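Quick notes on the structure that follows.
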Amino acid sequence: MRSTPDLSTTRWRKSSYSNTNGGECVEIAEDLPGIIPVRDSKTPHGPILTFPTASWTTFITALKTAER
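Numbering (my numbering), first residue to last: 6 to 73.
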């Protein structure tokens, strides 16, 4: 069984690609070993998705490759 990580003291950072008008704002936290929590900055107390670090890295690499 997986345990739910305590994210109450997590430091969040907004993606540099987020819309400056407050539209598509994604925040991530990188200070938890093994997982990357992701949330919508407009609803900081809303749902949080967590991804294994390796899966998140694969996802970001695919996005960067698609930009070229």
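C-beta: ideal position from N, C-alpha, C; glycine also.
Computed from a predicted structure; not experimentally measured.
Given Leu-54, which residues of its chain have a CB within under 6 Å of its CB, disregarding the five upstream and five downstream residues? Residues of the same chain with a CB within less than 6 Å of the CB of Leu-54, apart from the 5 flanking positions on each side, are Val-43 in chain order.
Among all the DSSP beta bridges, which residues are the ones paired with Glu-32? Per the DSSP secondary-structure output, Glu-32 pairs in a beta bridge with Lys-19, Arg-44.
Leu-68 by DSSP, collapsed to three states: which one? Correct three-state label for Leu-68: helix.
Cα-Cα separation between Glu-29 and Gly-51, rounded to whole angstroms: Gly-51 has its alpha-carbon roughly 15 Å from the corresponding atom of Glu-29.
Which one of Leu-37, Asp-45, Tyr-22 has the shortest CA to CA distance from Glu-72? Per the Cα distances, Tyr-22.
Using CA atoms only, rank isn't needed, just tell me which of Glu-32, Thr-66, Ser-8 is closest to Thr-15. For Thr-15, the nearest C-alpha among the options comes from Glu-32.
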